[in-house]
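Chemist:
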Amino acid sequence: MTRPKSSRSRSKRRSRGTRPWLGWAVKLGLVGLVVFAGFAVYLDAVVQEKFSGKRWTVPAKVYARPLELFVGEKLAKTDFLKELDALGYRREKSVDGPGGVSVAGNNIELYSRGFQFYEGAEPAQHVRVRFSGDYVAGLSKANGGKLAVARLEPMLIGGLYPAHQEDRVLIKLDQVPPYLVETLVAVEDREFFNHFGVSPKSIARAIWVNASSGQLRQGGSTLTQQLVKNFYLTNERSLTRKVIEAMMAVLLELHYDKKDILEAYLNEVFLGQDGNRAVHGFGLASQYFFSQPLSELHLEQVALLVGMVKGPTYYNPRRHPERAKTRRDMILDLLAAQGVVTPEQAAAAKARPLGVTTRGNMSNGSFPAFLDLVKRQLRQDYRDEDLTEEGLRIFTSFDPIMQVKAEDSLSETLKRLSGRKGVDKVEAGMVVTNPETGEVQALLGGRQRNFAGFNRAIDAVRPIGSLVKPAVYLTALERPSQYTLTSFIKDQAFSVKGQDGQVWRPQNYDRKSHGTIYLYQGLVNSYNLSTSKLGLELGVPNVLKTLARLGVEREWPAYPSMLLGAGSLSPMEVAGMYQTIANGGFNTPLRAIRSVLTAEGEPLKRYPFQIQQRFDAGSIYLLQSAMQRVMREGTGRSVYSRLPRSLNLAGKTGTSNDSRDSWFAGFSQDVLAVVWLGRDDNGPTPLTGATGALQVWTSFMAKADPLPLDMPQPDNVVQAWIDAKTGQGSDSSCPNAVQMPYIRGSEPAPGPGCGIQAPVDSVMDWVRGWMN
Amino acid sequence: MIKWLIPVITASAVLAGCASVPNGSIPVVDAGAPASANRMDRVGGGAAPANAPQAQPQDSGVVVMVPGAVGGNQPLTTSPITTGPITTGPITNDSAGSNIYSQPSAPQAPTGNSATPSGAAGGLSADEQLDGPVLALLTTAQQQQGGGDLDGAASSLERAQRIAPREPQVLYRLAEVRLAQGDAAQAEQFARRGLSYAGGRPQLQASLWDLVAQAREKQGDPAGAAQARERAKVAL
Numbered sequence: 001m002t003r004p005k006s007s008r009s010r011s012k013r014r015s016r017g018t019r020p021w022l023g024w025a026v027k028l029g030l031v032g033l034v035v036f037a038g039f040a041v042y043l044d045a046v047v048q049e050k051f052s053g054k055r056w057t058v059p060a061k062v063y064a065r066p067l068e069l070f071v072g073e074k075l076a077k078t079d080f081l082k083e084l085d086a087l088g089y090r091r092e093k094s095v096d097g098p099g100g101v102s103v104a105g106n107n108i109e110l111y112s113r114g115f116q117f118y119e120g121a122e123p124a125q126h127v128r129v130r131f132s133g134d135y136v137a138g139l140s141k142a143n144g145g146k147l148a149v150a151r152l153e154p155m156l157i158g159g160l161y162p163a164h165q166e167d168r169v170l171i172k173l174d175q176v177p178p179y180l181v182e183t184l185v186a187v188e189d190r191e192f193f194n195h196f197g198v199s200p201k202s203i204a205r206a207i208w209v210n211a212s213s214g215q216l217r218q219g220g221s222t223l224t225q226q227l228v229k230n231f232y233l234t235n236e237r238s239l240t241r242k243v244i245e246a247m248m249a250v251l252l253e254l255h256y257d258k259k260d261i262l263e264a265y266l267n268e269v270f271l272g273q274d275g276n277r278a279v280h281g282f283g284l285a286s287q288y289f290f291s292q293p294l295s296e297l298h299l300e301q302v303a304l305l306v307g308m309v310k311g312p313t314y315y316n317p318r319r320h321p322e323r324a325k326t327r328r329d330m331i332l333d334l335l336a337a338q339g340v341v342t343p344e345q346a347a348a349a350k351a352r353p354l355g356v357t358t359r360g361n362m363s364n365g366s367f368p369a370f371l372d373l374v375k376r377q378l379r380q381d382y383r384d385e386d387l388t389e390e391g392l393r394i395f396t397s398f399d400p401i402m403q404v405k406a407e408d409s410l411s412e413t414l415k416r417l418s419g420r421k422g423v424d425k426v427e428a429g430m431v432v433t434n435p436e437t438g439e440v441q442a443l444l445g446g447r448q449r450n451f452a453g454f455n456r457a458i459d460a461v462r463p464i465g466s467l468v469k470p471a472v473y474l475t476a477l478e479r480p481s482q483y484t485l486t487s488f489i490k491d492q493a494f495s496v497k498g499q500d501g502q503v504w505r506p507q508n509y510d511r512k513s514h515g516t517i518y519l520y521q522g523l524v525n526s527y528n529l530s531t532s533k534l535g536l537e538l539g540v541p542n543v544l545k546t547l548a549r550l551g552v553e554r555e556w557p558a559y560p561s562m563l564l565g566a567g568s569l570s571p572m573e574v575a576g577m578y579q580t581i582a583n584g585g586f587n588t589p590l591r592a593i594r595s596v597l598t599a600e601g602e603p604l605k606r607y608p609f610q611i612q613q614r615f616d617a618g619s620i621y622l623l624q625s626a627m628q629r630v631m632r633e634g635t636g637r638s639v640y641s642r643l644p645r646s647l648n649l650a651g652k653t654g655t656s657n658d659s660r661d662s663w664f665a666g667f668s669q670d671v672l673a674v675v676w677l678g679r680d681d682n683g684p685t686p687l688t689g690a691t692g693a694l695q696v697w698t699s700f701m702a703k704a705d706p707l708p709l710d711m712p713q714p715d716n717v718v719q720a721w722i723d724a725k726t727g728q729g730s731d732s733s734c735p736n737a738v739q740m741p742y743i744r745g746s747e748p749a750p751g752p753g754c755g756i757q758a759p760v761d762s763v764m765d766w767v768r769g770w771m772n
Numbered sequence: 001m002i003k004w005l006i007p008v009i010t011a012s013a014v015l016a017g018c019a020s021v022p023n024g025s026i027p028v029v030d031a032g033a034p035a036s037a038n039r040m041d042r043v044g045g046g047a048a049p050a051n052a053p054q055a056q057p058q059d060s061g062v063v064v065m066v067p068g069a070v071g072g073n074q075p076l077t078t079s080p081i082t083t084g085p086i087t088t089g090p091i092t093n094d095s096a097g098s099n100i101y102s103q104p105s106a107p108q109a110p111t112g113n114s115a116t117p118s119g120a121a122g123g124l125s126a127d128e129q130l131d132g133p134v135l136a137l138l139t140t141a142q143q144q145q146g147g148g149d150l151d152g153a154a155s156s157l158e159r160a161q162r163i164a165p166r167e168p169q170v171l172y173r174l175a176e177v178r179l180a181q182g183d184a185a186q187a188e189q190f191a192r193r194g195l196s197y198a199g200g201r202p203q204l205q206a207s208l209w210d211l212v213a214q215a216r217e218k219q220g221d222p223a224g225a226a227q228a229r230e231r232a233k234v235a236l
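Here the protein sequences come in this chain order: A and B. Oh and the first sequence: position 315 is 315 in the UniProt record's numbering, straight run, nothing missing. Oh and the second sequence: position 122 is 122 in the UniProt record's numbering, straight run, nothing missing.
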């Protein structure tokens with residue numbers, strides 16, 4: 001590396017040489033020239049090779065679900081505005097372009113940004129949304145045109161980074177906002193459009209400025225030289241490097257025009273450090289600091305970013321807002337002085353705040369647990385290099401609104417419970433899905449927000465306790481000739497000798513037996529004695545078969561203790577199992593990814609919705625009915641101290657031995673959530689399923705405000721009136737008469753009516769019951 | 001009393017089920033008629049919650065049956081199998097595992113709309129009109145399918161399904177596209193799911209059963225297909 005330098009300096013000395021040395025000098029000069037030319041050719045190859053090929057590798061980007069808008073949609077205005085804030089929409093008096101929103105009471109006007117989806121392009125459009133209660137009551141184009149459905153651009157929730165963790169959002173020169181190029185040129189390289197890579201004029205001015213101020217205030221590097229430095233060279237500071245840099249800058253200018261060089265510069269320049277991730281280019285910097293696409297930035301935002309080129313850490317506007325503002329305002333003054341903007345424009349821009357978003361809002365990759373799930377699913381289909389280098393766009397089902405509600409529910413509940421001894425050691429895992437689509441909407445890997453560590457939602461495999469019981473009862477309800485919800489079963493102590501010779505003696509949680517009960521009461525009150533007795537009657541292997549059909553893929557030994565939940569599952573697996581119950585007996589593999597596009601927006605892969613009917617709808621209907629009674633009158637009844645009674649919910653508590661695991665799994669029509677609480681060291685906790693996990697679940701459902709469970713009654717199900725005390729067929733006009741669903745043919749024969757004390761409003765029910 | 005009929009019918013149902021069902025699948029119980037009239041106003045309007053502030057354009061799948069009309073203004077359209085009280089046989093025979101979730105194979109040449117049964121989305125009958133967002137997405141999907149973009153069509157239909165998860169017409173179209181993609185097993189499943197939401201809509205039920213029949217034929221199950229075709233006739 002030192003050779004070209006010495007040869008070059010010698011060749012310079014040539015002119016000063018005296019006559020006797022001339023011959024030598026010429027010869028040496030020729031050698032030097034050849035070496036120099038050779039080196040230049042080499043540099044030229046380097047310059048062209050990297051610049052003409054793929055200049056950058058771009059990590060895959062992971063997006064949340066796009067928010068859909070349509071009339072009749074259940075969506076709270078506050079949630080909608082939160083989403084818009086996280087997407088970086090500017091609140092404006094009147095909307096004047098993509099990314100703008102104005103709010104007037106329940107009327108919201110916004111200009112969406114448009115986005116390329118798997119199904120096609122969603123245009124940027126100016127729309128009006130009217131809210132009423134928690135519903136979208138009106139949707140139209142701003143010009144009054146009809147609009148049936150629209151969707152916002154999806155929130156970017158993270159990327160899949162390679163080891164060196166360099167990240168960027170590639171932009172084209174025609175996507176940059178007004179003033180960006182002008183400002184950059186004015187601040188960093190005034191002669192950019194006139195020089196040939198290096199600028200003697202700039203160097204001279206730099207020397208002059210530095211000398212007269214006595215400080216190192218200006219560097220003479222052109223934008224081209226800066227690009228070369230970042231792009232090809234190390235950070236070493238030496239004269240050699242300076243010379244190579246200058247040579248390469250000239251070569252670059254020889255081959256490529258100013259636009260190419262400028263575009264490369266805009267994408268390459270380092271503008272900040274986000275933990276392990278290096279923020280490169282104005283495209284990503286704009287997202288990172290303003291949560292906005294670059295094209296939407298205003299003058300003062302442009303000035304702030306350009307000001308940071310000089311020292312991204314020193315002028316970091318989040319860490320040093322004062323410093324960054326001084327720098328920004330200085331640049332705005334400079335622009336006014338150079339005539340790029342008017343003094344009025346500069347003054348107006350200086351009056352604006354920095355406008356930098358705070359970290360830790362909904363975007364900016366704060367959802368490690370869900371991203372972890374996405375990565376695991378992607379790694380089954382793609383090589384690591386494809387994920388970290390090809391700029392793939394991954395579309396997921398992640399719902400940031402649900403996620404934040406789940407996080408809030410967990411932290412609030414644990415705070416409320418913190419008085420109990422040992423709760424501080426309790427960890428958590430939580431899964432939220434939509435049972436009607438099988439999509440994962442939110443995932444909590446632990447009690448600490450944003451903690452990217454042990455992902456308990458996927459990896460904490462724990463005994464599920466009474467969460468297994470619905471499988472026992474479902475096995476029974478699939479045999480309507482033998483079992484109905486009102487069959488009598490015995491809840492009393494017993495013991496069995498297992499195959500291993502061990503005597504198994506189950507006990508109820510309250511250590512009591514409850515005599516003869518209705519079958520559904522065993523589930524509703526989570527009685528261990530009656531449930532295990534029933535399970536043994538049915539046969540443990542048959543219950544395990546039911547579990548497999550529900551979606552549990554683990555092989556468990558057919559021990560009687562399995563009937564009370566000795567088998568272990570992760571919260572995700574529990575969600576898969578309960579999803580089959582919630583979705584009318586149709587099993588769906590839980591999905592987090594919807595589709596994948598290439599960096600250019602071409603469809604690459606789809607993860608289709610798949611279902612398979614595993615159970616007759618009738619038996620599922622009966623099971624759901626019993627699981628609704630769990631919430632109304634059983635172990636889950638505390639929910640209705642906080643939730644409206646009109647909200648039909650179904651679920652089940654689960655507690656393992658010594659309260660080591662506190663579970664709750666339950667669902668409404670459109671939301672299914674599974675909560676696990678327990679300690680990482682598997683120690684006992686002070687929480688049962690009802691006092692721990694159910695509390696988190698309840699708090700979450702209160703925030704999620706779901707639709708009431710409403711499974712259509714299958715054809716083979718009839719509602720019959722029975723006497724609540726005897727279980728015999730009764731009539732709606734009779735005291736103690738309650739309605740129960742049965743598989744057609746298994747209902748008790750209707751009893752005689754009880755005369756005229758029939759309440760008027762049940763006459764129609766009576767008629768209907770009679771007609772059945 | 002006709003109690004003696006019950007075991008006879010059960011047995012025939014079980015036999016029919018066993019004889020005709022492809023491995024691992026379950027015959028669906030006919031959704032011939034709603035169990036009670038007042039449930040009907042909830043069927044179908046998946047996207048429009050009852051308390052939505054603005055009246056939705058009427059989903060006439062609902063209007064066909066006048067809500068509140070008690071008793072059956074609708075004749076019970078049940079096949080022998082649905083009157084069989086207890087459908088244990090075929091169901092307990094099912095076990096999880098066999099040919100589940102086969103990925104859709106490479107799209108075959110679209111079989112074309114000629115293969116779609118009457119009442120297909122192209123020409124929905126008057127009583128099957130849909131409202132705003134779902135109709136818009138179904139139209140988009142139709143265009144995508146017409147242009148040979150089956151993946152795009154399926155994707156648009158899934159988008160519609162997220163908006164109106166209980167709208168049987170969406171599930172019907174999804175089944176149709178899956179069939180065109182060569183995934184007959186999933187086509188049958190989606191048609192069945194549609195049937196569970198199609199109570200009170202006999203035309204749609206007939207179309208769904210017809211689709212089940214086509215899917216079973218493609219899966220090499222002519223007997224099951226014939227059985228489904230019978231259902232299609234009964235539903236009408």
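Positions of the beta carbon are idealized from the N, C-alpha and C atoms, including for glycine.
Where leucine 75 (chain A) and isoleucine 401 (chain A) are concerned, what is the direct C-alpha to C-alpha distance, given to the nearest angstrom?
Modeler: What you label residue 75 (chain A) is simply residue 75 of the first sequence in a count that begins at 1. What you label residue 401 (chain A) is simply residue 401 of the first sequence in a count that begins at 1. Approximately 10 Å, taken between the alpha carbons.
Chemist: Starting from isoleucine 722 (chain A) and walking both ways along the beta strand (DSSP E), at which residues does that stretch end?
Modeler: Here residue 722 (chain A) refers to the residue found at position 722 when the first sequence is read from its first residue. Segment 717-723, the beta strand (DSSP E) holding isoleucine 722 (chain A).
Chemist: Apart from the five residues just before and just after leucine 180 (chain A), which ones in its own chain have a Cβ nearer than 6 Å to its Cβ?
Modeler: Counting from 1 along the first sequence, the entry for residue 180 (chain A) is found at position 180. Taken in chain order, the residues that qualify are Val302.
Chemist: To test your reading of the DSSP string, which unbroken alpha helix (DSSP H) runs of 4 or more residues are found completely within the stretch 363-406 of chain A?
Modeler: The stretch 363-406 of chain A contains these whole alpha helix (DSSP H) runs: 368-379 and 384-389.
Chemist: Can you pull the chain A neighbours of leucine 135 (chain B), defined as C-beta to C-beta under 9 Å?
Modeler: Position 135 of the second sequence, counted from the first residue, corresponds to residue 135 (chain B). Residues of chain A passing the Cβ test: Ala148.
Chemist: To the nearest angstrom, how far is the alpha carbon of threonine 484 (chain A) from that of glycine 745 (chain A)?
Modeler: Working through the first sequence from its first residue, we reach residue 484 (chain A) at position 484. Working through the first sequence from its first residue, we reach residue 745 (chain A) at position 745. Those two C-alpha atoms are separated by around 11 Å.
Chemist: Can you name, in chain order, every residue of its own chain whose Cβ lies under 7 Å from the Cβ of arginine 19 (chain A), other than the five neighbours on each side?
Modeler: Residue numbering aside, residue 19 (chain A) sits at position 19 when the first sequence is read from its first letter. Cβ within range, chain order: n/a, list empty.
Chemist: Between A:Asp731, A:Leu623 and A:Pro644, which lies nearest to proline 741 (chain A) when the distance is taken from Cα to Cα?
Modeler: As a position in the first sequence, residue 741 (chain A) is number 741, starting the count at 1. Cα-wise, what sits closest to proline 741 (chain A) is A:Leu623.
Chemist: Taking the beta carbon of isoleucine 464 (chain A) as the centre, do at least 16 other beta carbons fall within 10 Å, making it buried, or is it exposed?
Modeler: Locating residue 464 (chain A) in the first sequence gives position 464, counting from the first residue. Buried, since its Cβ has 16 or more Cβ neighbours within 10 Å.
Chemist: Could you list which residues in chain B have their beta carbon closer than 7 Å to that of residue 776 (chain A), in chain order?
Modeler: Past the boundaries of the shown model lies residue 776 (chain A); chain A is included only from 1 to 772, so the question cannot be answered.
Chemist: Which residues, in chain order, does the stretch 590-620 of chain A contribute to contact with chain B at a C-beta distance below 9 Å?
Modeler: Result list: Arg594, Ser595, Pro603, Arg606, Pro608, Phe609, Gln610, Ile611, Gln612, Gln613, Arg614, Phe615, Asp616, Ala617, Gly618 and Ser619.
Chemist: So, do the stretch 140-152 of chain A and the stretch 113-132 of chain A have three or more beta carbon pairs nearer to each other than 8 Å?
Modeler: A contact exists between the stretch 140-152 of chain A and the stretch 113-132 of chain A.
Chemist: Counting only beta-carbon separations shorter than 7 Å, does tyrosine 483 (chain A) have a partner in chain B?
Modeler: Residue numbering aside, residue 483 (chain A) sits at position 483 when the first sequence is read from its first letter. Judged by the 7 Å Cβ criterion, tyrosine 483 (chain A) is not in contact with chain B.
Chemist: Classify arginine 241 (chain A) as helix, strand or coil using the three-state DSSP reduction.
Modeler: Position 241 of the first sequence, counted from the first residue, corresponds to residue 241 (chain A). Of the three classes helix, strand and coil, the one that applies to arginine 241 (chain A) here is helix, per DSSP.
Chemist: Within 10 Å of its beta-carbon, does leucine 30 (chain A) have 16 or more other beta-carbons around it, so buried, or fewer, so exposed?
Modeler: Locating residue 30 (chain A) in the first sequence gives position 30, counting from the first residue. Leucine 30 (chain A) is exposed by the Cβ-count criterion.
Chemist: Does any C-beta atom of chain A lie closer than 7 Å to the C-beta of glycine 132 (chain B)?
Modeler: Here residue 132 (chain B) is taken as the residue at index 132 of the second sequence, counted from 1. Closer than 7 Å to some Cβ of chain A, the Cβ of glycine 132 (chain B) qualifies, so yes.
Chemist: Pick out the complete alpha helix (DSSP H) segments inside the stretch 616-704 of chain A, 4 residues or longer, and give them in chain order.
Modeler: Qualifying alpha helix (DSSP H) stretches, in chain order: 617-633 and 694-704.
Chemist: Do three or more CB pairs link the stretch 152-159 of chain B to the stretch 133-140 of chain B at distances below 8 Å?
Modeler: In short, these stretches touch, since the Cβ pair count reaches three.
Chemist: Buried or exposed, going by whether 16 or more other CB atoms sit within 10 Å of the CB of glycine 618 (chain A)?
Modeler: By one-based count along the first sequence, residue 618 (chain A) stands at place 618. Classification of glycine 618 (chain A): buried, given that the 10 Å Cβ count is 16 or more.
Chemist: If you measure from the beta carbon of glycine 199 (chain B) to each beta carbon in chain A, is any gap under 7 Å?
Modeler: Here residue 199 (chain B) corresponds to residue number 199 of the second sequence, with the count starting at 1. Answer yes: the Cβ-Cβ gap between glycine 199 (chain B) and chain A drops below 7 Å somewhere.
Chemist: I think arginine 65 (chain A) touches phenylalanine 398 (chain A), with their Cβ atoms under 8 Å apart; what is that distance to the nearest whole Å?
Modeler: By 1-based counting over the first sequence, the position of residue 65 (chain A) is 65. By 1-based counting over the first sequence, the position of residue 398 (chain A) is 398. Their Cβ separation, rounded to whole angstroms, is 6 Å, which keeps arginine 65 (chain A) and phenylalanine 398 (chain A) in contact under 8 Å.
Chemist: Taking all protein chains shown into account, do 16 or more other C-beta atoms lie within 10 angstroms of the C-beta of leucine 239 (chain A), making it buried, or fewer, making it exposed?
Modeler: As a working note, residue 239 (chain A) is residue 239 in the first sequence. Answer is exposed; the Cβ neighbour count stays below 16.
Chemist: When DSSP builds the beta bridges, which residues end up paired with lysine 166 (chain A)?
Modeler: Position 166 of the first sequence, counted from the start, is the residue given in the question as residue 166 (chain A). Correcting the residue identity first, residue 166 (chain A) is glutamate in this sequence and not lysine. Beta-bridge pairing links glutamate 166 (chain A) to A:Ala278.
Chemist: What separation, rounded to the nearest whole angstrom, lies between the Cα atoms of leucine 332 (chain A) and leucine 299 (chain A)?
Modeler: Locating residue 332 (chain A) in the first sequence gives position 332, counting from the first residue. Locating residue 299 (chain A) in the first sequence gives position 299, counting from the first residue. About 8 Å.
Chemist: Counting along the chain, where does the beta strand (DSSP E) carrying lysine 61 (chain A) start and finish?
Modeler: The count along the first sequence starts at 1 and reaches residue 61 (chain A) at position 61. 60-63 is the span of the beta strand (DSSP E), which, as asked, contains lysine 61 (chain A).
Chemist: Are there 16 or more other CB atoms within 10 angstroms of the CB of threonine 653 (chain A), so buried, or fewer, so exposed?
Modeler: Here residue 653 (chain A) is taken as the residue at index 653 of the first sequence, counted from 1. By the neighbour-count rule (16 or more Cβ atoms within 10 Å), threonine 653 (chain A) is buried.
Chemist: Between A:Arg277, A:Phe231 and A:Phe289, which lies nearest to leucine 262 (chain A) when the distance is taken from Cα to Cα?
Modeler: For the purposes of this step, residue 262 (chain A) is taken as residue 262 along the first sequence, with counting starting at 1. Of the listed residues, the one whose Cα sits closest to leucine 262 (chain A) is A:Phe231.
Chemist: Show which residues of chain A have a CB atom less than 7 Å away from the CB atom of serine 156 (chain B).
Modeler: Position 156 of the second sequence holds residue 156 (chain B). Near serine 156 (chain B) (Cβ distances below 7 Å), the residues of chain A are Glu119.
Chemist: Under 8 Å between beta-carbons, which chain B residues line up against phenylalanine 70 (chain A)? List them in chain order, please.
Modeler: As a position in the first sequence, residue 70 (chain A) is number 70, starting the count at 1. Per Cβ cutoff of 8 Å: Ala47, Gly132, Pro133 and Ile163.
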